[in-house]
Structure formats: structure tokens, C-alpha cells
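A.B. asks:
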Amino acid sequence: MTANNTTTTSSGCRFADYFVICGLDVETGLEPDELSALCQLLQASKGRDGRVSSSTDEGENYEQSPLRRTFKSKVLAHYPENVEWNPFDQDAVGMLCMPKGLSFKTQSDNRDPQFHSFIITREDGSRTYGFALTFYEEVASKQICSAMQTLYHMHNAEQYDILHTSSTICINSSESNSDNCSDIPTGMTKLQRFNSYDISKDTLYVSKCICLIAPMPFMQACKKVLEQLHQAVTSLQPPPLPLESYVYNILYEVPLPPAGRSLKFLGVYGPIVCQRPSTNELPLFDFPINEMFELLGLENVLQLFTCALLEIQILLYSQHYQRLMTVAESITTILFPCQWQHVYVPILPASLLHFLDAPVPYLMGLHSNGQDDRSKLELPQELEVREEAGSNKDLKVHCDKEELKIHQLNIQIREIFANRFTQMFADYEVFVIQPNQDKESWFSNREQMQNFDKASFLSDQPEPYLPFLSRFLETQMFASFIDNKIMCHDDDDKDQILKVFDARVDKIRTLNVRTPTLRTSMYQKCTTIDAAEKAIEMRLAKIDHAAVHPHLLDMKIGQGKYEFGFFPKLQSDVLSSSPASNKWVKRSAPAQWRRKDRQKQHTEHLHLDNDQREKYIQEARNLGTSMRQPKLSNLSPSVIAHTNWKFVEGLLKECRNKTKRMLVEKMGREAVELGHGEVTITGVEENTLIASLCDLLERIWSHGLQVKQGKSALWSHLLHYQETKEKKETVLGSTSSTGIIQDQERRKFDGFAMPPLKVSLTQDMRHIQNIGEIKTDVGKARAWVRLSMEKKLLSRHLKQLLSDHELTKKLYKHYAFLRCDDEKEQFLYHLLSFNAVDYFCFTNVFTTIMIPYHVLVIPSKKLGGSMFTANPWICISGELGETGILQIPKSILEMTFECQNLGKLTTVLIGHDNSGLYAKWLVDYIVVRNEITGHAYKFPCGRWLGKGVDDGSLERILVGELASASQETDERHCRTPPLQQSPSMIRRFVNITPTSRQKLNTGQIQESVGEAINGIVKHFHKPEKERGSLMLLLCGENGLVSALEQVFHHGFKSPRLFKSIFIWDFMEKAYMYFESLEHTDLAQEENWQTRAKNFCKFVAAINGAPRNIGKDGKFQLLVCLGARDHLLHHWIALLADCPLIAQMYEDTALIKDHTLVNSLIRVLQTLQEFNITLETSLVKGIEI
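Numbering-wise (my numbering), the sequence shown opens with residue 10 and increments by one.
So this is what it looks like as C-alpha cells:
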């Protein structure tokens, strides 16, 4: 689309560069177009259920009569011979004017003219547009008619031989096949139908094409020019002037309208109007975009649009060339402000079919012979109302209603798409990475350089955008868009499309300063449609210029003679050169209308009545004062003080509203129940709320700056602070500085033997500076804010930053917000309220960064941890990934390692290799800490790992909880319940000392099962972003596994007083019982057999897994797999009916009470509607 706005001075004056005539060259005769014929043959073969006809072996399609064959067309003439700014490409024009080649018809065929347009892309990427009208002329050459007759005789003879041979075979066959023989009359009928040209009876017609080659796509105007020229040769009356006069006029005397202007010129029979958008409107687009929606439907258009944005290969398929062009141009125009950067051939000539094998993204159009086009109109909802709300119905425009409707629909749809891009990329400029070197050096090395801070930009976006945006930012079209931005610092250098987009972005950002809005994935209504429509209507209502009318040329007598039904070769001598004195060549078009432009603006202003004028002036004044920070020059001190106080007060109020909004959103329904908000305001993505807070902080830090440095005022202040502190440290020569605080509250980690992290503003800055993915100052400032919020240190860090009064005075003027003590204190107090809730806004956003983790294993102090001889290992899993097996130094049981961000930690798999004399290990708990965010997770264990002790497990899965940084929970305002943890040491010692087991009655057990199931149901009914870890609800202290253990423990007979009891022993015996029944002839119900087979398959798979997870671990795995595959309620019913129950359980056991068992089954059935996904660490090695 670049070519639309980048034409040379001389080419910028002419409406059209060339007039071309293509068709049959009588001198060379009929030349078969072999490549096009092959393409048509393949298409026809595919059309017959994918079967290729037997006659294809001879290279001839049975269906292909001479009238349907493809013959080469030629460029018969083009005027002028050449223009320097656009050299004539005869091959390209010839192929694209008549992509199928020549076509022949008789008087009985439909011969309506067909219009299509095309594009020629030059080597430098600029484009020229072609507009072609194909019609049929009678063949006057006797030789051509005779040649066609000869071809028909040959074709009919060949087909007769084929049919005669097949009929003879059919008659002589010993096993006559009536089906095959019945095909012969059909074949004969087809032969008669194709025998349709008789030189003595029929009139032969051949296709011919007239074409305009133009620098800009004025499709509607060019179509009218060509249609009127064709009408001139098919009318009974000759045209008023010779055809040369009209062609000369369009080539040399009709100028290209300048930006923002309209032009009227005369065709053969009537006036033609075209209008061109101004430099602050969307680029010129003259194709009917609504046709794309009519043909494809809204869903398909959006899918095609997505494919184009992600640079996927696109092949359009239609039986109409103009539809291919319309859809291709429509889909590329709504990519604004981006431009398609790859192969773009909206009409692919049949001879270039091999282009489809290109291993690059492309957008191509291929002609088909199908009849399946959609005609149902599906448009975006916003457009349905537009027709009723027309702007000015009394306005008389110089074009028909249909054309005006196309203009209106075009601009409506394009404005909606452009508005979406503008809203999504309103802040893109601050994430552009400006190069340090000069333009030439940067341009030569740009392939190796990053030009956009993708990680920081994505961190601000709503979650639903991320899957698409993360791919879109990697495309060539986005990279080129940012390259254009880097190369064009000044408005004069800017690409026109970039200039229009930046103006729109600036307008949105200015409005957001006045009335701050949140980024949201909800559609934001387009407000620019009315103004864009009105601009077009005004241009069409009041024509800015009328071109010179066509006139008689200096032609010799006898030239330009009219001949009905034939478009002649024109007189090249009069069309070969432009007039000697052409005012459009002598001076540039914009200069002509500069004076007229001023007059027009003045007239428009005079036509306003006094009330309207006063209204506009007042609006302009309000806009100027409210959208910007107050200008304090040339005002009295009292006015300055009042204006500044008002602005500071506005910032403080906005801060209060934002913090409340974020807390209400974080607390969700709980906050609404407490009366802190409405249900309607929840549901905005956390990312966008934090991005909005970052915008506010930047505005606060920008207020009253002495000198602006860089794009982020906050990061600039932080860098100054860091530099000051580092200088002081150097002078003092000690590592401890005032920037690092030993936080006593952060020592109280529930008795952890892990040294506390130091609270340091500058250390958090260094963490951000070490993240290679973040490239810009704005990105670094936002990442630092996110990290501080996650660590609950934002208010504290900013207070420390502002405590350096000397630095603040140096950087800010006396009226700046940051130097107003009362407002500053209130501002920090509002930020302190964020400590009431838990944010993971750093961990969840920067998912690919490397993070150091510190692991500490605490063995039991009483039971011989020091004698442990085996080699321990650990595998840590989080919401974003897992570490794999890590060896732990057994001497210290502590280590620090670095890996890609794991997200919130969920489970730890711990074990050992069972080596040495004393390979028994009693682990109390494990602590894992993220060394950047300071989040520490505690994973309680309280179980032995070793053969011959406890349940014989060498590895255990532990579920963790986020450890509170302080025991002083009274200061924590969060009412969110703490995360569950893996079953604690007290409950697990049941297996070692059964006498200490807490015996629950059946009612309590039922209640615990109900609560566990209820927790899982609630989990799935929450919005996805509010869900916790499902592993906690399954394997946690009060989880489903724990509840079902209580069910099976109730009434379980103990063989000996001090022997450990394991449910898995019962499961294995049940497995053996069901297995033995399979080998007997006892008839059972089909459902019962299926359940038993499933149960045995799962138990066998768990026992056969290459893992040493122990008996309790195996039961846990069985329950989780049963929940995943919705089999638990079947297994409970199966086990309750098993005869082994009588031997292994007391009469009072819950599992023997049919009423209670049925109740348990009904509760477990509620899990069937949920899709339960298990963590990889749990099901590793299980092949089911």
C-alpha cells in the first residue's frame, strides 16, 4: 500500500499512465497456451470426485472442446509507448489483463462484458494498478474461423473413435455389462452438444480487453471510463468525438486529485467523479469491502484476517477475478497500520501455478470454475445501525446512491478495524527500542537487532490477547512497522500510514490523560466513523476541480473512423506524447489548490452561525486546558498555585480510585459482599489494572520535572537514586548501606532455618536490570513496580526513594506532586493498602526469565538424620513447569540453583537412591524460596523414605503452601483462606503408631468427603484466573485422597496390634480376587465386568510403574487417576460388593453400610462433569 502515497511529482499529476488493448493477434493466429490448459485440465479432473479421466493420457480432456481451450492473448497496443516513472511491463500486463488467455464463443453463448482489476508489484515494492474490461468481438478473420472449424472436425473425429471403440467392446463382450453400455448414449449426447460450431451457421466471437494502468486504485472511476468506452463501440450511434479524444483526455488532461480533494472529469457519455482522502484520513481504498463479508461471512472474514496478521499462507479461490482482487485488497487494507510484506498476487495467472509451491508466506488468488459462492450478508453489529443514522440526508452528492453507500460502508468497516488497532497499540511508542548508532549502521545490522520490548509490552496486555499478540509481535509486518517508526523521527520523514496512525494514537493518549480508562479486552466503540463519513460526503457534495473536457485532436482526415461492434487500434501518433503546454506538469497539483484550500476553510467558518462558532471555540479552549498539564508561564502566582493544586488533587483522587478498584478486583465477590463495590466492576484483567497503575505512577513522576530524561520519569529517578547510593557505598567502603534494610518481620519464617532476604530497593533494581528480555526504560520501570507489588514493598520502596530530599529537590520543581508533603503521604498510604492482598503480577507475567531458587531440606531432629547414607534428590514443580531431577548435597541438605521461571510452586517430588548402610530418612519438611520475589513455599512431609520402614516408599510427592512472611497475622487484612498443604506429620504417623489415630465416626467421615468434593466443584465454578492448584484439593491435608483414606480406614481390621495398616493391601487383594474371577466361568453383569477390568488395569499399571512411591503413594495415585477418568464411583460400588470386605472389615465399618455407600457414590458422581487434569510429576511413568 506504500505506493498509494509515494508517487513522483510527474507521476503524481496523471490519473492514468497507460491505455492498453489486448486480444487476438490475427497475424500470429491461434497459439495454444499449454500451461493454462494444463491448469484447467487439473481443475476439471478434481471436479469429478477427484478422478482423472482416462483420456488425460493423450493430453486431451474429454470435456475440452476447441471453444473451451485456452489460446495465447497478446498486447495489441498500448499508449503511450513508455513513461519514465513507470516503464511498461508487456508480459505482466498481458498475463493479468487476460489471465485465462483468449476465449471463444458463439452467438448462443453469454457474452456479457466482465470487469476486473489487478496489481503489478515492482522490484522496489511499489505498486501499479490495472483495471481491465473484457468483452467479445466478432471474429472478422476468415483464416481464424476456418482454423476453429478444422479444430472442431479433428476433435469430433477423435471423440467418435473413442465412443465407437467402447461400444464395439461392449457388444462383443461375453459378459455384457448393461451399466457400461448405458453410458454410450450419454457420450454421444455430449459429442453432439460440443459439435456446436459450424462456420456456415454460427458466428464466432473472441475476447478482447481494454485496460487502464494507473498509479492509484480509483477503481470505480476507471470502471466507468472503460464501460463508457465499450458502450461507444457497441452503440448504434457513433460517439460524439473519436475514441482517441477520450483516451488522450484520460491519459494527459485528467490530473490526479491531491489529498483531501475531489475531481470531476467527462467520460464518453457522462461525468465521472473521484475523491481522495486527506493526509490525516485512512489511505485511499475504492473496492467494495462489503462484498468480502457477503461472499465469506463474518466468521470466515475474521479467520482470514487472523491468518493474514499471523502471516500464514493464504490462497483465495473464486470463479470471478474481480472477487479475488476485492477480497485480497479488502483483507490487506484492514491490516492498517501494518502492511502485507510477503508475496502478494491477488490474481495468479494459470501459467504461474508453480508459485503456489513457494515456501514463504503468500496471499494469492486462483481462478476456479465452481458455483459455490455465499450471498448472505453478515456484518459487524455496529454497522447495522449505520444506514438509519445517515449524516446529512439533504446533502446532494455528485455520485449515485449505490456508489455513496459503498464509500460509507468502506469507511465504517475500516474505521472499526483501525480503532481496534489504535486501542490495542496506544502505548506502543514507549516500547520501541531506539538504536544507539546512526541510521546507516542500524539499517545494515537491523536483522541482528531487536527493535521492540516485547516482554514489557505483553506484560501490560489483557490475558485474552496474549496468545495472539505473542505471535503477532514476531511477524515480519510488525517488525517492518516498528522499523518505519525508528527510521522516521520527524513528521516530514514519516511514512503516510504511520503518520495517520500516530495521530490517532496521540489523540487516544491525550483523551486518556483527561479521563483515564483501563485497557480491557472488551470492544471499545469507534468514535471516528461520523467524522470520516462526513469528510467523504463533503468532498462528493462540493467538487474541488473539473478537468479539461475531451476535445477534437489534430488528426488526419479518415483517422478515428467509427466501426460498430469493434474496438479499433487507436492512432498512436496522436496518443504518443503529452501536450506541449500542460499546466498539470508545470506545477504540482497541491500548489494549485493551496489557495483554494484557504478559501474553503474560510468559507466553512463563515457558514457557521454564531452559536455554533462559540460552541467550537469553547470546546477548543476546554480541550486545551483539560487534556494537558497546566502551563504555568505568563500567569499570576495565585492562579499558578490554584491550577497546580487542582491538578495535584486530581492525581491523588485518581490514585485513591485506582487502589480501591484493584483491591476490589483482587478480593472479588468477597469485596462486593462487604459493600466495597458492584458486581459489574469486577472481571477486569489484573494485567490491565497494574498497567493502568503504572501509567498513573509515570504521570505523577512526570509532574513538575526540571528536565525530562528518557521515556520513563520513574525509572530515571530510580537510576539517579541508585547512582547516589552506589557513590555513598564507595565512599563508606562497606557493603551495608542505608539502601539495604534487615527486615525483622521477614525473619519470622515459621521457624525456617533459612537466612532472610534483605529488603533492598537497589537490589530489586539490579534484578530488573539483569533481565535481558526487558529492553526499554518504561519496561524496566513497570517490571520494578510489579516486583515491588508482589513483594509487598511498593509503598516502602517509594517512601525510601522519596526520603532522599536532596535528590528530589534537584530533579523536581517546588510545585511538583512529589514535593507536596501531605499529598505525597496520602499517596504512599493508598499504595500501602496493596499489602492486604497477594499479587503474583511479576511471576505470572515474566514467564521465560531465569530465576534463582534456594532449597532447604529439614530432616527430623530426633530420628537420626545425621546417619543417613543415601544420595537424596528433588524435583520441584510449579504452574509453569518443573526442574527435573536435582541432586541435593547430603552433607548440608541445602542448595541454590537457577532455572526458568516455574510460576507458583505446587509440588515437590523427593526421594533417594537407597544406597549405603543406613538408607532410611525421616524428612520433616522442605522449604523452597524464589530468590527474586522472596516467596517461600513450605512442603510438610513427616514420613520415612526407605525400604522396610513406614510404607516402604523411596520417593514422595509433597504438596506445599506459600509461607507467610510474618507471624503477625493481625496486621494482614486478607480474608483469603491459606493454601492447603500435603498431609502433615501428625496424621501420617498414624501408619506407624495406630494407637494414636484419631478415630472419626461415620458422620464426620461423610462430612470430610463432602467438603473435599465441594472444594473441587467450587474450583471449577470459579473464573479460571481465580482458581488455585487442583493438586491441593486432591492430595492436600483435607483433600479427596485424605477423605477416601478415612472411608477405607474406618472399621479396618488390624492383624496385629503394632503392625502398620495400609489400604493398598486391601486394594491388591481385591485386584487378585477380580483377576481370579476372569479365569472362571461365573457369569456376571456386563457393567460389573467392565468395572472390574478397569480397576484391575489401573492397579496393575500402578504396581508395574518403575517408581518407588510406597503403598500410600500408590493409593493416592489410584484415587487421582480414578477422579481424572471419572471411575471412582464405579470402583466404590465394586469394592463394597467384594466378598473380601467381610474378612477385612468389622461389621460397623462404613464400607459395609449400603445406605452410606450409596450416598458416597452419589457425591462422587458430581465429579463426572469436570475435566480433571493431573500434574506430570504425579502420573510420571504410568502408561494409561
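Where is the CB? At the ideal position from N, CA and C, for every residue including glycine.
This structure is a prediction, so every number in the text was calculated from the model and none was measured.
With residue 460 as the anchor, note down where its beta strand (DSSP E) starts and where it stops.
C.D. replies: Note, residue 460: premise wrong, no beta strand (DSSP E); not H, not E.
A.B. asks: Keeping to the same chain, check which residues put their C-beta closer than 7 Å to that of residue 350; ignore five residues upstream and five downstream.
C.D. replies: 485, 486, 489
A.B. asks: I need the straight-line Cα distance from residue 1142 to residue 1173, nearest angstrom please.
C.D. replies: 11 Å
A.B. asks: Assuming residue 376 is part of the alpha helix (DSSP H), what are its boundary residues?
C.D. replies: From DSSP, residue 376 is part of no alpha helix (DSSP H) but of the beta strand (DSSP E) over 371–376.
A.B. asks: Assuming residue 909 is part of the beta strand (DSSP E), what are its boundary residues?
C.D. replies: 903–909
A.B. asks: Give every residue of the same chain whose Cβ lies closer than 7 Å to the Cβ of residue 1183, excluding the five residues on either side of it in the sequence, and list them in chain order.
C.D. replies: 1129, 1133
A.B. asks: Just the C-alpha distance for residue 1051 and residue 1044, rounded to the nearest angstrom, thanks.
C.D. replies: 7 Å
A.B. asks: Taking a contact to mean a Cβ-Cβ separation below 8 Å, would you say residue 216 touches residue 107 in this structure?
C.D. replies: yes
A.B. asks: Does the count of Cβ pairs from the segment 241–253 and the segment 211–225 closer than 8 Å reach three?
C.D. replies: no
A.B. asks: Is the beta carbon of residue 1153 sitting closer than 8 Å to the one on residue 1061?
C.D. replies: Yes, they are a contact pair.
A.B. asks: What is the DSSP secondary structure of residue 1095, reduced to helix, strand or coil?
C.D. replies: helix
A.B. asks: Under a three-way DSSP split, which group does residue 929 fall into?
C.D. replies: coil
A.B. asks: Per DSSP, residue 1100 is paired with what?
C.D. replies: DSSP lists no partner for residue 1100.
A.B. asks: Going along the chain, which residues of its own chain have a beta-carbon closer than 7 Å to the beta-carbon of residue 1026, five neighbours each way excluded?
C.D. replies: The residues are 1175.
A.B. asks: With the cut-off set at 8 Å, would you say residue 471 and residue 697 are in Cβ contact?
C.D. replies: yes
A.B. asks: According to DSSP, simplified to helix, strand and coil, what is residue 661?
C.D. replies: helix
A.B. asks: Taking residue 894 as the reference, which of 918, 900, 913, 718 has the closest Cα?
C.D. replies: 918
A.B. asks: Locate the beta strand (DSSP E) running through residue 1168, then write down its first and last residues.
C.D. replies: Counting along the chain, residue 1168 falls outside any beta strand (DSSP E), though it belongs to the alpha helix (DSSP H) covering 1163–1174.
A.B. asks: Round the Cβ separation of residue 269 and residue 292 to the nearest angstrom and send it over; I've been treating them as touching at under 8 Å.
C.D. replies: Their Cβ separation, rounded to whole angstroms, is 12 Å, which puts residue 269 and residue 292 out of contact at 8 Å.
A.B. asks: If I measure Cβ to Cβ from residue 616 and keep anything under 8 Å in the same chain, skipping five residues before and after, which residues do I get?
C.D. replies: For residue 616, the predicted structure reports a pLDDT of 46, less than 50, and the residue's modelled location is therefore unreliable. A value from the coordinates is still provided. None.
A.B. asks: Hey, quick one: how far does the alpha helix (DSSP H) through residue 335 stretch, first residue to last?
C.D. replies: 330–342
A.B. asks: I'd like to confirm the pairing. Which residues does DSSP put opposite residue 283 in its beta bridges?
C.D. replies: 272
A.B. asks: For the alpha helix (DSSP H) that residue 476 lies in, which residues bound it at each end?
C.D. replies: 475–481
A.B. asks: Over the uninterrupted beta strand (DSSP E) stretch that includes residue 952, give me the two end residues.
C.D. replies: 945–954
A.B. asks: For the beta strand (DSSP E) that contains residue 141, what are its first and last residues?
C.D. replies: Its beta strand (DSSP E) spans residues 136–147.
A.B. asks: Look at residue 916 and residue 1040 and say whether their C-beta atoms are less than 8 Å apart.
C.D. replies: yes
A.B. asks: Is residue 777 close to the ligand FAD? I mean its beta-carbon at under 7 Å from any heavy atom of the ligand.
C.D. replies: No copy of the ligand FAD occurs in the structure displayed, which carries no ligand at all.
A.B. asks: Leaving out five residues on either side along the sequence, give the residues of the same chain with a beta carbon under 8 Å from the beta carbon of residue 317.
C.D. replies: 323, 340, 341, 344, 349, 372
A.B. asks: Would you call the segment 1013–1026 and the segment 1100–1109 in contact, with 3 or more CB pairs under 8 Å?
C.D. replies: no
A.B. asks: Quick check: what's the CA-CA separation for residue 89 versus residue 96?
C.D. replies: 11 Å
A.B. asks: What number of angstroms, rounded off, separates the C-alpha of residue 1137 from the C-alpha of residue 1170?
C.D. replies: 8 Å
A.B. asks: Beta-carbon separation of residue 124 and residue 235 under 8 Å?
C.D. replies: yes
A.B. asks: Is residue 518 helix, strand or coil by DSSP?
C.D. replies: In this structure, residue 518 counts as helix in the three-state DSSP scheme.
A.B. asks: Please list the segments of the alpha helix (DSSP H) lying wholly inside the segment 407–440, counting only runs of 4 or more residues, in order along the chain.
C.D. replies: Secondary structure remark: continuous alpha helix (DSSP H) runs of at least 4 residues inside the segment 407–440, in chain order: 410–433.
A.B. asks: Looking only at DSSP bridge pairs, what is residue 1080 linked to?
C.D. replies: Residue 1080 is not bridged to any residue.
A.B. asks: Quick check on residue 116: buried or exposed, where buried means 16 or more other Cβ atoms within 10 Å of its Cβ?
C.D. replies: exposed
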